[in-house]
Each structure stands twice: as structure tokens, then as C-alpha cells.
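Participant:
Numbering (full-length UniProt numbering), first residue to last: 1 to 627.
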């Protein structure tokens with residue numbers, strides 16, 4: 001193998017570099033936060049590996065990150081004495097990126113968010129932010145378990161290629177040297193670098209050092225003197241809450257979560273006893289871009305520490321999937337230090353910690369709902385749908401989660417005005433024993449559904465559910481506070497004796513019409529009935545209690561799911577003029593067109609996809625011309 005070689009970046013890396021260097025002009029300083037974060041990760045990894053291999057530390061057990069500058073050479077150097085990298089790891093970590101995360105990053109950066117620096121940290125491409133201020137970047141690195149002769153030098157101008165070279169490297173760890181662009185002199189000032197470290201990286205749990213004497217006594221452009229620690233360099237979560245300000249909590253969150261926004265809320269707790277642990281959990285203000293895309297591979301939600309030693313990003317072991325938006329740390333005192341994912345998955349102590357984390361998060365959301373309604377609205381907008389997943393995933397906390405859900409209703413003013421299930425129960429009509437709802441693929445479709453007509457006429461409120469997850473979610477909820485949840489479009493409606501008698505009489509009078517419609521529609525319908533739901537519209541679809549809503553069935557089929565075919569029940573309003581016309585129409589072809597249109601408009605209103613849209617248009621045109 002040659003010791004020096006030139007390689008091209010992967011195409012996607014080249015795209016990332018182009019977007020980063022041309023889009024983050026308003027957040028140039030992000031480079032320092034990201035490089036320090038990477039250095040901190042390298043120190044964390046070494047500290048963990050050294051638990052089983054103490055020899056990795058050698059005679060250098062004090063882990064730290066050094067930031068220095070050279071005004072003459074116009075360079076900034078971020079150096080750590082962490083785990084370091086082999087040649088193969090350099091290629092894997094810098095020359096390539098995980099393709100799934102890269103694609104989503106590119107899509108987001110190419111759209112309306114292209115100047116949004118939040119995306120850098122969220123997609124794990126922070127190293128490339130160095131090219132925002134540098135026209136050349138040099139990386140010198142050696143892995144802790146490699147000999148001095150197997151150091152690696154990586155260098156690139158960020159324009160498509162990079163050079164790899166095997167070099168002699170005395171100490172382990174990594175140094176990233178930024179050769180600054182001509183107009184980036186502001187970053188060669190000690191006060192500016194120190195200010196940025198304290199702003200973005202103050203709570204990194206390793207000392208970040210800068211030269212103590214900022215003067216240039218030798219006239220060579222380099223500061224002289226001893227090193228001094230310029231960050232807090234302590235595990236924030238280990239301090240008493242009384243000693244931590246809101247600004248401290250917010251600063252730690254931003255360094256932890258790679259987020260420019262403040263957190264929406266946080267909770268910090270210490271549990272003492274037979275099993276002692278500390279949790280510091282944050283709810284972000286906005287969701288990461290991969291929240292609904294199974295994007296756990298790019299960013300984990302919580303970091304697991306044992307006695308302040310970083311173990312792993314362990315969201316799956318510490319929080320259930322429906323709370324994957326939560327960020328923060330868990331520091332346990334008494335888990336085994338040689339912990340592995342296999343041990344974690346079968347660890348009773350961790351299950352107790354997980355239950356405590358879930359409780360703290362739900363407590364925090366409940367507090368927002370009670371005391372900070374504006375923040376709770378922000379939370380619902382960002383994470384309401386994710387929380388709904390907990391109805392199926394977390395049977396233990398199902399009632400608590402349900403209490404936090406919010407829905408639009410027929411008594412509200414638009415999609416944004418929502419109510420809780422408790423609100424709904426509090427204003428149920430006399431004798432009402434069910435929570436009524438309807439699902440659709442939009443607010444407009446739900447609010448305009450013909451199935452609501454009889455409920456509006458009786459003054460019964462109906463919840464309008466129009467998120468994709470709702471139909472699936474209510475299948476698991478079933479009931480709340482002893483009240484069954486019932487879909488207005490499914491099953492038989494409960495009628496009092498007077499309404500039952502009225503329904504029976506209407507059905508008897510409409511028997512010839514029902515028979516005619518069944519003959520005209522044939523096997524396109526399972527049945528045709530007189531509706532108790534309709535007061536103004538001519539027709540609607542009615543489903544069995546366990547039948548899937550048409551709009552959800554359509555979405556699943558579009559996603560490639562195979563579903564059994566089902567024939568709908570068509571309900572009609574015999575008093576409507578269109579039904580009167582079908583009844584009186586003697587031309588079978590014209591009657592067939594009218595009957596089919598009654599079915600098709602009911603399917604459209606229910607969110608189903610027409611089997612033959614072209615035939616529907618032709619049919620509609622014929623009816624209009626004959627009118």
C-alpha cells in the first residue's frame with residue numbers, strides 16, 4: 001500500500017461541502033463548536049475503551065482539547081488526545097458519510113432551510129463546517145493503539161479531492177488545522193475564540209485549553225506561555241440544581257443537542273437509594289428532520305454515562321420510540337462498567353431507569369399543559385403525532401398519554417383550535433355515553449363529511465381526526481375514562497325509540513328504491529341502506545366497526561401494502577332530490593349513471609380513490625348534459 005495517495009470525495013460529500021460552504025455565511029462560528037464536539041466524542045471513546053485496556057492511556061491520562069492559533073500562518077488548530085483514527089477510519093469518517101443521513105441533509109439544505117445551521121449538527125456532518133472559514137484543512141491523527149509510525153495526514157481544499165499520507169505521529173489523538181480564508185481574520189483573535197468556546201462549548205465535560213499568555217513575545221505570531229482551561233469542564237448534571245442557572249441549562253442543551261434554538265423545557269432529577277442515578281432531560285422546541293423517518297442511526301436521543309464515564313448513545317434502551325424526540329443525559333452509579341448493548345437489553349436496573357425517564361418526561365409535558373399553554377401548543381405542533389405512537393407502544397401509560405392528546409372538533413373554529421378528551425367529556429350532551437370522532441386525510445375533509453349531519457342536528461360534538469396516525473391510534477385507545485371512542489362512520493348509530501321507529505318507516509317506504517339501487521350498482525356495493533346519519537347530503541359510505549377507513553386504505557395501497565378488497569355499504573337519504581330522480585328515472589342507462597355517481601361522490605367524501613376517474617368524468621358530463 002502506498003503511503004501517499006490522492007482520492008476523490010464521494011459525490012454526496014462533494015455536494016455537502018458545496019452547500020455548507022455557500023449556505024452558512026451567517027453562522028460561520030459553528031465550525032468551532034462542531035470541531036470541539038468531535039474532539040469531545042474522541043475523548044469519550046478513549047475513556048470508555050480504556051476501561052478494558054488501560055494501556056491505551058499510556059502516560060497521558062488527563063484527557064483534554066486544545067485550541068490554538070497562529071496569526072502569521074493564519075491557522076487555527078483544534079487538538080485532542082482522544083482515541084484517534086486509523087487510515088481506514090479517516091476515509092470512512094471524512095471521505096464518506098452515511099448515505100441515508102446525507103440524502104436527507106441535502107434535501108433539507110437545498111430547500112427553504114438552506115441557511116439553517118441547525119442542520120449541520122443534526123445530520124452529523126459538522127466536520128465539513130470547517131470549510132466555511134478555511135480554504136484548506138489538514139488533519140493529523142493516530143489511533144491510541146497504533147505505533148507512532150502509523151500516523152495519518154489528511155488534507156483537502158474541499159473542492160473534490162483529498163490527500164492521504166502516512167506520517168510519524170508522536171502522540172495519540174487528532175489535530176484539525178484550519179488554514180483560514182483571507183477575510184476570516186476575526187477568528188485569529190484570542191478573545192473571539194474564547195468567547196465562542198464559552199458560548200457554545202462551555203459545558204463540554206473535558207477541559208478546553210487555550211494558551212494562557214496571549215501576548216506575542218517572540219514576534220512569530222504565536223501566543224506563548226502556559227495553557228489555561230477556558231470552559232466550565234464539568235458534568236453539569238452532577239451539580240446541585242441550586243447552583244445551575246437557566247442560562248447554564250440552555251447552554252448545555254445547545255452543546256449537547258447541536259441546536260441553535262433554546263429547549264422548550266427540561267427536567268433535572270437525582271434519584272438516591274438502592275439504585276442511584278441522575279437524569280437531565282430536554283424537550284426541543286422543534287423536531288429534528290429525521291424524527292418521522294426512522295432516523296435513529298444519525299442521532300440518538302439520550303447519552304448514557306456510568307459514574308460520569310460516557311458509555312453510549314442509548315435512546316432505544318433509555319426511552320421508548322414515541323419519546324425519541326427527547327434529548328439529554330442519564331448518569332447511573334451502579335450499572336456494570338463493562339456494559340454492552342446485549343447487557344443493556346436484558347438489564348433490570350436499566351428498565352427501572354427507563355421507567356423513571358418516561359415518568360419524568362410525561363410529568364414535564366403535563367406541567368407544560370397545565371402551566372404554560374403557549375409552550376404546550378408549540379409542543380403539540382412539533383411532537384403531538386409522535387406522542388400518539390405511545391397509545392399503542394406504552395399500555396402502562398396509555399391513559400396519561402391520551403390525556404395529553406389534542407384534537408379539533410365540530411364545535412371549534414378551525415384546525416388550530418383543539419380540545420382534550422377531558423374537555424370533550426365535560427361538555428357531552430345529556431345521555432351521551434360515547435366519545436364520537438371521525439377520521440379523514442385533512443381537516444376540510446373531516447369537517448365537511450356528510451356522516452356528521454345527524455350529529456350536528458342533535459348538537460353532539462364530534463372530534464375531527466385528520467393526521468395519518470389517527471385511524472391507527474384510536475384502534476388501540478378504544479376507550480377513555482370509561483367512555484368508548486366511536487367512529488361516526490362505522491357501525492349502527494344508537495337511536496332512541498322514536499328515531500328507531502322513524503328509521504324503520506323510512507326503510508319500508510324506500511324498499512323499491514333500495515332494490516333498484518342494488519340492481520343498478522350490482523357487485524360494486526355490499527349493501528344499500530337508508531341512512532340515519534344524513535340530513536342534507538344524498539349519500540355516504542358506512543363501514544363496519546372493524547373496517548379500515550378508505551383514506552387510510554388508499555395510503556397503505558400507495559405504499560405498496562396488499563389489503564383485502566371490501567365492498568362498501570352505501571347509505572342514502574331517500575328525501576334528497578337526487579334520490580327522487582333515481583326513483584323516477586325510467587331510462588336504465590341514465591338511472592345507472594345517477595346511481596353510480598351517488599356511490600362515487602360518497603367514496604370521494606370518505607377519502608377513497610376512484611377506480612376509474614376518467615369514467616367518472618364522462619359520467620358526470622353525461623348527467624350534466626341531460627339535466
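Cβ atoms here follow ideal geometry from the backbone N, Cα and C, with glycine treated the same way.
#1: Between the stretch 299-309 and the stretch 317-330, do at least 3 Cβ pairs fall closer than 8 Å?
#2: Could you tell me which residues DSSP pairs with residue 575 in its beta bridges?
#3: From this set, 161, 83, 486 and 188, which residue's C-alpha is nearest residue 32's C-alpha?
#4: Can you list, in chain order, the residues of its chain with a C-beta nearer than 6 Å to that of residue 142? Leave out the 5 residues immediately preceding and following it.
#5: Can you check whether the CB of residue 464 is closer than 8 Å to the CB of residue 438?
#6: Excluding the five sequence neighbours on either side, which residues of its own chain have a C-beta within less than 8 Å of the C-beta of residue 504, listed in chain order?
#7: Give the DSSP-derived three-state secondary structure of residue 565 in the structure shown.
#8: Is it buried or exposed, residue 52, if we count other Cβ atoms within 10 angstroms and call 16 or more buried?
#9: Skipping 5 residues on each side, what residues in its chain have a beta carbon closer than 7 Å to that of residue 3?
#10: Apart from the five residues just before and just after residue 486, which ones in its own chain have a Cβ nearer than 6 Å to its Cβ?
#11: Which residue or residues does DSSP assign as beta-bridge partners of residue 487?
#12: Mind the definition here: the stretch 357-377 touches the stretch 319-326 only if three or more C-beta pairs lie below 8 Å; say whether that holds.
#13: My assumption, with CB atoms under 8 Å, is that residue 426 sits in contact with residue 418. Please give the rounded CB distance.
#14: Give a yes or no on contact between the stretch 183-200 and the stretch 224-234, applying the rule of three or more CB pairs nearer than 8 Å.
#15: Are the stretch 553-563 and the stretch 499-514 in contact at 8 Å, needing three or more beta carbon pairs?
#16: Suppose you measure from the CA of residue 155 to the CA of residue 444; what does that come to, to the nearest Å?
#17: What first and last residue would you give for the beta strand (DSSP E) that runs through residue 551?
#18: Would you kindly work out how many angstroms separate the C-alpha atoms of residue 592 and residue 585, rounded to a whole number?
#19: Skipping 5 residues on each side, what residues in its chain have a beta carbon closer than 8 Å to that of residue 325?
#20: Of the residues 45, 467 and 542, which one's Cα is nearest the Cα of residue 388?
#21: Below 8 Å, how does it come out for the stretch 442-460 and the stretch 520-539: are there three or more Cβ pairs, yes or no?
#22: Looking only at its chain, what residues have a beta carbon closer than 8 Å to the beta carbon of residue 400, apart from the 5 residues adjacent to it on each side?
#23: Any idea if residue 545 is buried or exposed, counting beta-carbon neighbours within 10 angstroms, 16 or more meaning buried?
#24: Which partner residues does residue 542 have in the DSSP bridge list?
#25: Skipping 5 residues on each side, what residues in its chain have a beta carbon closer than 6 Å to that of residue 583?
#26: Can you give me the C-alpha to C-alpha distance between residue 266 and residue 396, rounded to a whole angstrom?
#27: Could you check what DSSP says for residue 99 in three-state terms: helix, strand or coil?
#28: Where does residue 510 sit, in a helix, a strand or coil, going by DSSP?
#29: So, using beta-carbon positions, are residue 38 and residue 63 closer together than 8 Å?
#30: Need the endpoints of the beta strand (DSSP E) that residue 69 sits in, please.
#31: Please list the segments of the beta strand (DSSP E) lying wholly inside the stretch 393-455, counting only runs of 3 or more residues, in order along the chain.
#32: CA-CA distance, residue 491 and residue 529?
#33: Could you tell me which of 88, 34 and 193 sits nearest to residue 70, measuring between CA atoms?
#34: Which of helix, strand or coil does DSSP assign to residue 474?
#35: Grab the span of the alpha helix (DSSP H) containing residue 384 for me, first residue to last.
#36: Name the one or two DSSP bridge partners that residue 191 has.
Facilitator: Taking the coordinates as given:
#1: Taking a contact to require three or more Cβ pairs closer than 8 Å, the stretch 299-309 and the stretch 317-330 qualify as touching.
#2: Position 575 of the chain shown, counting from 1, holds the residue named residue 575. According to DSSP, residue 575 bridges with nothing at all.
#3: The count along the chain shown starts at 1 and reaches residue 32 at position 32. Ranked by how close their Cα comes to the Cα of residue 32, the residues 161, 83, 486 and 188 have 188 in first place.
#4: Start at 1 with the first residue of the chain shown, and residue 142 comes out as number 142. Excluding positions up to five away in sequence, the list reads 84, 151, 169 and 172.
#5: Residue mapping note: residue 438 aligns to position 438 of the chain shown, counting from 1. Residue mapping note: residue 464 aligns to position 464 of the chain shown, counting from 1. Taking 8 Å as the cut-off, the Cβ atoms of residue 438 and residue 464 count as close.
#6: By one-based count along the chain shown, residue 504 stands at place 504. For residue 504, where only same-chain residues beyond five positions count, there are no Cβ hits under 8 Å.
#7: The sequence position of residue 565 within the chain shown is 565, counting from 1. Coil, per DSSP.
#8: One-based indexing of the chain shown puts residue 52 at position 52. Sixteen is the threshold: since fewer than 16 other Cβ atoms of the shown chains lie within 10 Å of the Cβ of residue 52, the residue is exposed.
#9: For the purposes of this step, residue 3 is identified with residue 3 of the chain shown, where counting begins at 1. Only 165 and 166 meet the Cβ criterion.
#10: Within the chain shown, residue 486 is the residue found at index 486, counting from 1. Leaving aside the five residues that flank residue 486 on each side, the residues in its chain whose CB is nearer than 6 Å to its CB run, in chain order, 434 and 436.
#11: Here residue 487 is taken as the residue at index 487 of the chain shown, counted from 1. BP columns for residue 487 point to 437.
#12: Flag = yes, the stretch 357-377 and the stretch 319-326 touch.
#13: Taking the chain shown and counting its residues from 1, the one referred to as residue 426 is at position 426. Taking the chain shown and counting its residues from 1, the one referred to as residue 418 is at position 418. Not a contact, Cβ separation roughly 15 Å.
#14: Because the criterion of three Cβ pairs below 8 Å is met, the stretch 183-200 and the stretch 224-234 touch.
#15: In short, these stretches do not touch, since the Cβ pair count stays below three.
#16: The residue given as residue 155 occupies position 155 in the chain shown. The residue given as residue 444 occupies position 444 in the chain shown. The straight-line gap from Cα to Cα measures roughly 56 Å.
#17: For the purposes of this step, residue 551 is taken as the residue at position 551 of the chain shown. Per DSSP, residue 551 belongs to no beta strand (DSSP E); it is in the alpha helix (DSSP H), 550-558.
#18: Numbered from 1 along the chain shown, position 592 holds the residue referred to as residue 592. Numbered from 1 along the chain shown, position 585 holds the residue referred to as residue 585. Cα to Cα, the separation comes out at about 9 Å.
#19: Position 325 of the chain shown, counted from the first residue, corresponds to residue 325. Exclusion of the five residues before and after residue 325 leaves 283, 284, 287, 288, 291, 301, 382, 383 and 386 as the residues of its chain whose Cβ lies within less than 8 Å of its Cβ.
#20: Reading the chain shown from its first residue, position 388 is the one you call residue 388. When only C-alpha atoms are compared, the closest one is 467.
#21: Below 8 Å, enough C-beta pairs join the stretch 442-460 and the stretch 520-539 to call them touching: three or more.
#22: For this step, residue 400 is matched to residue 400 along the chain shown. For residue 400, where only same-chain residues beyond five positions count, the Cβ hits under 8 Å are 362 and 366.
#23: Here the question's residue 545 lines up with position 545 in the chain shown. Residue environment analysis places residue 545 among the exposed positions, since fewer than 16 neighbouring C-beta atoms fall within 10 angstroms of its C-beta.
#24: Working through the chain shown from its first residue, we reach residue 542 at position 542. According to DSSP, residue 542 bridges with 569.
#25: In the chain shown, residue 583 corresponds to position 583, counting from 1. Cβ neighbours of residue 583 beyond the five flanking positions: 513.
#26: Numbered from its first residue, the chain shown carries residue 266 at position 266. Numbered from its first residue, the chain shown carries residue 396 at position 396. Take the alpha-carbon of residue 266 and the one of residue 396: they are about 23 Å apart.
#27: Translated into the one-based positions of the chain shown, residue 99 becomes position 99. With a pLDDT of only 41 at residue 99, under 50, the local geometry of the prediction cannot be trusted, and no value is derived from it.
#28: As a first step, residue 510 must be located in the chain shown, where it is residue number 510. Residue state, collapsed to three classes: coil.
#29: Numbered from 1 along the chain shown, position 38 holds the residue referred to as residue 38. Numbered from 1 along the chain shown, position 63 holds the residue referred to as residue 63. Taking the C-beta atoms as reference points, residue 63 is found no nearer than 8 Å to residue 38.
#30: Residue numbering aside, residue 69 sits at position 69 when the chain shown is read from its first letter. Per DSSP, the unbroken beta strand (DSSP E) holding residue 69 starts and ends at 65-70.
#31: If we require 3 residues or more, the beta strand (DSSP E) runs fully inside the stretch 393-455 come out as 434-439.
#32: To locate residue 491, count along the chain shown from 1; it is residue 491. To locate residue 529, count along the chain shown from 1; it is residue 529. Cα to Cα, the separation comes out at about 12 Å.
#33: By 1-based counting over the chain shown, the position of residue 70 is 70. By alpha-carbon distance to residue 70, the top candidate from 88, 34 and 193 is 193.
#34: Translated into the one-based positions of the chain shown, residue 474 becomes position 474. Of the three classes helix, strand and coil, the one that applies to residue 474 here is helix, per DSSP.
#35: Your numbering for residue 384 matches position 384 in the chain shown. For residue 384, the uninterrupted alpha helix (DSSP H) segment begins and ends at 373-388.
#36: To locate residue 191, count along the chain shown from 1; it is residue 191. Answer by DSSP bridge pairing: none, since residue 191 is not bridged.
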